[in-house]
Amino acid sequence: MARTRFASALAFATGFLLSAAGAYAQDVIKIGVITDRVGSGKFYAEPVTRGIELGAKMINEKGGVLGKKIQLIIEDDQNKPDVSAAKARKLVDDGVIVIMSNTGSPATQQAQTVSLETKTPHLTPANSADTLTTQLDNPWFFQTGPLASIQLATLMTYTKSRGFKKVAIVRDNSALSQSFAESFRKGLDGVGIETAVEEVIPQGTTSAVANLQKVRAAKVDAILQAGILGPEMLQFFRAYQQLGMKEPILGSYNLSIPAYLTMAKDLMEGVVFVDAYDETKPEAKAFRDIYVKEYKEEPSSLPAYGWDGIHLVAQAIEKAGSLDKEKVRAAIAATTGFSGAIGAKGSSWGFRNGGRSGFDPQGAVVRLIKNNQHGPVVHSGQK
Amino acid sequence: MRALLWLASIIAASLLAFMLGGYATDVYRKMLVWIALALSYNFLFGVAGQIAFSQFAFAGVGAYGVVILAHKLGLPFGVALAGAIALCSLLAFIVAVPSTRLEGFYLALATLAFAQLFLVVVNEGGDLTGGTGGIAGYRLPDVFGYTLRGPWYTVVLVLLVALTLHILLRLERSSFGRACRAIKDNPAVAAAMGIDVRRTKVITFTLTSTLAGLAGAAYAYVDNVINPPVFGLDNIFLLLFMIIVGGMGRPAGAMLGAVLLYLAPFVLEPIVGHAYLVLFGVLVVLAILFQPKGLIGLIDRLVDRLGPEQRA
Numbered sequence: 308m309a310r311t312r313f314a315s316a317l318a319f320a321t322g323f324l325l326s327a328a329g330a331y332a333q334d335v336i337k338i339g340v341i342t343d344r345v346g347s348g349k350f351y352a353e354p355v356t357r358g359i360e361l362g363a364k365m366i367n368e369k370g371g372v373l374g375k376k377i378q379l380i381i382e383d384d385q386n387k388p389d390v391s392a393a394k395a396r397k398l399v400d401d402g403v404i405v406i407m408s409n410t411g412s413p414a415t416q417q418a419q420t421v422s423l424e425t426k427t428p429h430l431t432p433a434n435s436a437d438t439l440t441t442q443l444d445n446p447w448f449f450q451t452g453p454l455a456s457i458q459l460a461t462l463m464t465y466t467k468s469r470g471f472k473k474v475a476i477v478r479d480n481s482a483l484s485q486s487f488a489e490s491f492r493k494g495l496d497g498v499g500i501e502t503a504v505e506e507v508i509p510q511g512t513t514s515a516v517a518n519l520q521k522v523r524a525a526k527v528d529a530i531l532q533a534g535i536l537g538p539e540m541l542q543f544f545r546a547y548q549q550l551g552m553k554e555p556i557l558g559s560y561n562l563s564i565p566a567y568l569t570m571a572k573d574l575m576e577g578v579v580f581v582d583a584y585d586e587t588k589p590e591a592k593a594f595r596d597i598y599v600k601e602y603k604e605e606p607s608s609l610p611a612y613g614w615d616g617i618h619l620v621a622q623a624i625e626k627a628g629s630l631d632k633e634k635v636r637a638a639i640a641a642t643t644g645f646s647g648a649i650g651a652k653g654s655s656w657g658f659r660n661g662g663r664s665g666f667d668p669q670g671a672v673v674r675l676i677k678n679n680q681h682g683p684v685v686h687s688g689q690k
Numbered sequence: 032m033r034a035l036l037w038l039a040s041i042i043a044a045s046l047l048a049f050m051l052g053g054y055a056t057d058v059y060r061k062m063l064v065w066i067a068l069a070l071s072y073n074f075l076f077g078v079a080g081q082i083a084f085s086q087f088a089f090a091g092v093g094a095y096g097v098v099i100l101a102h103k104l105g106l107p108f109g110v111a112l113a114g115a116i117a118l119c120s121l122l123a124f125i126v127a128v129p130s131t132r133l134e135g136f137y138l139a140l141a142t143l144a145f146a147q148l149f150l151v152v153v154n155e156g157g158d159l160t161g162g163t164g165g166i167a168g169y170r171l172p173d174v175f176g177y178t179l180r181g182p183w184y185t186v187v188l189v190l191l192v193a194l195t196l197h198i199l200l201r202l203e204r205s206s207f208g209r210a211c212r213a214i215k216d217n218p219a220v221a222a223a224m225g226i227d228v229r230r231t232k233v234i235t236f237t238l239t240s241t242l243a244g245l246a247g248a249a250y251a252y253v254d255n256v257i258n259p260p261v262f263g264l265d266n267i268f269l270l271l272f273m274i275i276v277g278g279m280g281r282p283a284g285a286m287l288g289a290v291l292l293y294l295a296p297f298v299l300e301p302i303v304g305h306a307y308l309v310l311f312g313v314l315v316v317l318a319i320l321f322q323p324k325g326l327i328g329l330i331d332r333l334v335d336r337l338g339p340e341q342r343a
């Protein structure tokens with residue numbers, strides 16, 4: 308009898324604990340974030356993650372989504388593709404409804420195999436590789452960052468609008484920089500601009516003066532800066548100032564990483580670079596005010612990607628009206644006309660015609676670096 | 032008795048695959064690939080004394096080779112795998128012939144150049160290699176009518192480690208293994224003893240690089256994605272640390288180092304945050320300064336203290 312009573316009590320206690328755990332699990336909406344805290348992608352991944360954290364905090368302060376608070380589960384993949392996939396599995400095991408990937412494109416690509424297999428909505432708010440939505444037929448994956456091709460086309464439109472006929476490309480010898488330079492060459496060919504010289508600054512160099520002397524000798528109208536590595540590009544900007552060169556410098560979106568502003572302080576005045584952020588846009592202004600209040604510093608475009616990404620996810624969950632992954636996926640896929648802090652004035656996001664890359668083709672801008680800050684927009688879109 | 036021990040180890044390691052959750056299985060699979068790579072690199076570096084930085088490049092040749100041949104060119108999987116391994120052997124032989132004439136840092140630099148060249152080729156390979164984005168969206172075809180997915184693919188990885196270990200142990204205990212150690216200790220004396228130093232070096236380099244290619248081919252089907260960063264130079268240094276921390280020249284040391292250093296970020300990061308990198312650095316420095324024989328040397332000493340009868 309005593310044994311039966313004990314068994315009943317045990318069953319009741321187990322049931323109570325399970326139901327309590329279930330209720331607790333339903334009290335929050337778990338969203339997984341894959342970031343890079345120690346690897347080569349830290350400089351852009353961490354600011355994006357900061358934007359997600361701020362966005363989640365603001366959404367929670369306004370009552371959350373479907374009456375529940377957002378709980379972020381943040382994992383570090385060190386920008387390693389194999390680790391990224393493992394961390395995506397960990398997030399799925401932890402019960403997340405959506406995964407947001409902020410690290411390098413190859414890492415996001417590999418993590419996609421997990422979202423596809425586990426049928427988990429997966430969004431990258433900042434990755435720009437065009438192949439992320441084309442290499443793998445993964446209906447669970449969405450990209451809202453500005454595609455590299457859109458950014459390149461925007462920069463080329465600006466280059467042409469300035470009347471440049473002959474330019475130089477300067478890059479480092481990293482694989483990504485090599486790839487950037489190739490895209491630049493093709494883009495320049497496409498708009499009928501001659502690449503007169505291409506200079507490579509090797510890793511570990513202590514001076515780029517010789518490289519820039521060759522550029523000066525080529526008498527180009529402008530210099531397209533396709534470098535990725537910080538120390539080598541610092542040598543580039545230093546040599547440019549040392550030689551007193553006046554040719555305009557046009558940079559890739561890599562220069563939107565704020566670390567360059569401190570690394571090459573006072574050396575980048577007047578440089579223009581492609582970005583996806585116009586601080587005079589009302590949504591960007593609203594974001595900026597909240598960011599400054601929270602962190603007591605000016606934001607770059609990077610946290611705005613995260614801010615927009617988490618708001619898009621929250622909006623989709625709200626529209627889905629449920630935490631069912633398929634319904635959330637369908638709600639993300641149905642997103643149109645989303646206007647956030649990112650993108651040129653008048654641009655909006657949307658997954659048109661079943662596409663999974665949502666950035667507006669007219670959403671990229673060209674900005675000027677002024678007083679060691681990312682300054683005003685000088686060109687917008689591809690027109 | 033020894034065969035039974037092997038069988039029991041393989042079964043135990045395979046059973047783990049059926050017991051672990053999604054995340055743990057993922058980490059376990061990748062750790063098995065690292066163990067296979069550490070074993071072959073241990074033979075090359077720890078036993079034969081060749082400092083080479085091309086191990087991950089050859090893993091990449093194996094991975095890209097099998098995926099391109101099977102999924103881009105449409106060859107039957109068996110032919111593709113054999114072709115990828117043959118390509119690894121051929122490339123390794125071509126690299127080995129001039130490189131093994133070099134010693135020390137010069138061999139390291141020559142193999143470093145090969146590793147860089149491999150990265151340039153895959154990054155610039157266009158549609159064939161997928162460029163910086165790599166190749167995705169393929170799956171391991173059925174092998175003899177069997178679908179090797181989920182835990183069964185983990186069993187394949189366990190068998191890969193067992194095969195690699197078996198081959199290298201047999202080699203190490205043979206006259207070839209003794210020749211490798213003799214060359215590592217003193218090439219001139221080894222040559223005076225009648226050992227063909229260059230031939231031994233070429234065979235060692237080719238064989239260990241081929242085994243790395245096999246591990247790379249297996250890795251290609253872990254996530255069904257391959258991309259250049261995985262085969263980059265960061266990982267070769269981690270592999271080097273695994274051998275040093277675990278114990279150079281000892282397969283058990285290489286396995287121990289691979290397990291500890293691969294799992295370290297996964298286990299330590301949730302506990303100590305970014306400080307795991309500091310712990311990692313301290314561990315490597317301590318191993319080099321105070322325990323040149325690595326952790327396996329430490330274990331040997333502990334076992335010795337227990338007495339020879341216990342060690343046996």
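Heads up: the protein sequence lines correspond to chains A and B, in order. Numbering of the first sequence is given in the working numbering, commencing with residue 308 and proceeding in unit increments. Numbering of the second sequence is given in the working numbering, commencing with residue 32 and proceeding in unit increments. Ideal Cβ placement from N, Cα and C applies to all residues, glycine included. Just so it is clear, the structure is predicted and the values come from calculations on it, not from any experiment.
Asked	Found
Spatial distance of isoleucine 377 of chain A from alanine 648 of chain A (CA atoms)	20 Å
Contacts around isoleucine 525 of chain A, its chain only, beta-carbon distance under 7 Å, and the 5 residues preceding and following it disregarded	Checking the sequence shown, residue 525 of chain A turns out to be alanine, not isoleucine. Answer for alanine 525 of chain A: Ala475, Ala503, Val504, listed in chain order.
Backbone secondary structure at glutamate 382 of chain A - three-state DSSP	strand
Residue-chain proximity (serine 559 of chain A, chain B), Cβ-Cβ < 8 Å	no
Terminal residues of the alpha helix (DSSP H) in which histidine 618 of chain A lies	608-627
Residue-chain proximity (leucine 741 of chain A, chain B), Cβ-Cβ < 8 Å	The structure shown does not extend to residue 741 of chain A, since chain A is modelled only from 308 through 690, so no value can be given for it.
Short CB-CB distance (under 8 Å) between alanine 455 of chain A and chain B	no
Cβ separation of lysine 215 of chain B and valine 78 of chain B, assumed to be a contact under 8 Å, to the nearest whole Å	7 Å
Straight-line gap, lysine 652 of chain A to proline 565 of chain A (C-alpha atoms, nearest Å)	22 Å
Residue nearest to threonine 160 of chain B in terms of C-alpha spacing, selected from B/Thr239, B/Ser206, B/Val256, B/Met273	B/Val256
Residues from the region 259-287 of chain B in contact with chain A, defined by Cβ distance under 7 Å	Pro259, Pro260, Val261
Contacting positions in the region 147-175 of chain B - beta carbon closer than 8 Å to chain A	Leu150, Val151, Asn154, Glu155, Gly161, Gly162, Thr163, Gly164, Gly165, Ile166, Ala167, Gly168
Proline 129 of chain B classed as buried or exposed, judged by whether at least 16 other C-beta atoms fall within 10 angstroms	exposed
Identified DSSP bridge partners for arginine 478 of chain A	A/Val507
Inter-residue spacing [alpha-carbon to alpha-carbon] between aspartate 479 of chain A and leucine 541 of chain A	11 Å
Segment contact flag, the region 490-500 of chain A with the region 511-527 of chain A, C-beta cutoff 8 Å, min 3 pairs	no
Minimum Cβ-Cβ distance from proline 30 of chain B to chain A less than 8 Å	Residue 30 of chain B lies beyond the residue range present for chain B, which begins at 32 and ends at 343; the question has no answer from this structure.
Chain B residues whose Cβ lies nearer than 7 Å to that of alanine 393 of chain A	Tyr54, Asp57, Val58, Lys61
Beta-carbon proximity of valine 276 of chain B to leucine 308 of chain B, cut-off 8 Å	no
Reduced DSSP secondary structure (H/G/I, E/B, other) of glutamate 360 of chain A	helix
Residue environment, asparagine 678 of chain A, which counts as buried when at least 16 other CB atoms sit within 10 Å	exposed
Inter-stretch contact (C-beta, 8 Å, three-pair minimum) for the region 87-99 of chain B and the region 195-205 of chain B	no
Cβ-Cβ distance between glutamine 417 of chain A and proline 388 of chain A below 8 Å	yes
Same chain only: Cβ atoms within 7 Å of leucine 299 of chain B, ignoring 5 sequence neighbours per side	Tyr307, Leu310
Valine 256 of chain B - partner residues in DSSP beta bridges	B/Ala167
Residue of A/Val578, A/Tyr602, A/Trp614, A/Glu604 minimising C-alpha distance to phenylalanine 590 of chain A	Reading off the sequence, residue 590 of chain A comes out as glutamate, not phenylalanine. Comparing Cα positions, the closest option is A/Trp614.
Lysine 397 of chain A beta carbon less than 8 Å from that of tyrosine 293 of chain B	no
Cross-chain neighbours of histidine 197 of chain B in chain A, by beta carbon under 8 Å	Here the premise fails: no neighbours, minimum Cβ distance about 26 Å.
Residue burial classification, alanine 330 of chain A (beta-carbon count within 10 angstroms, cutoff 16)	Per-residue confidence for alanine 330 of chain A stands at a pLDDT of 39, beneath the threshold of 50, marking its modelled position as unreliable; the derived number appears in the next sentence. That one is exposed.
Min CB distance valine 620 of chain A to chain B below 8 Å	no
Contact list for the region 430-464 of chain A against chain B, Cβ threshold 7 Å	Ala436, Thr438, Gln442, Leu443, Asp444
Spatial distance of valine 151 of chain B from glycine 162 of chain B (CA atoms)	9 Å
First through last residue of the beta strand (DSSP E) which encompasses leucine 179 of chain B	Leucine 179 of chain B -> no beta strand (DSSP E), and no H or E assigned at all.
CB contact flag (tryptophan 447 of chain A, serine 422 of chain A, <8 Å)	yes
Chain A within 8 Å of histidine 305 of chain B, Cβ atoms only	yes
Sufficient close CB pairs (3 or more, under 8 Å) joining the region 165-180 of chain B to the region 41-49 of chain B	no
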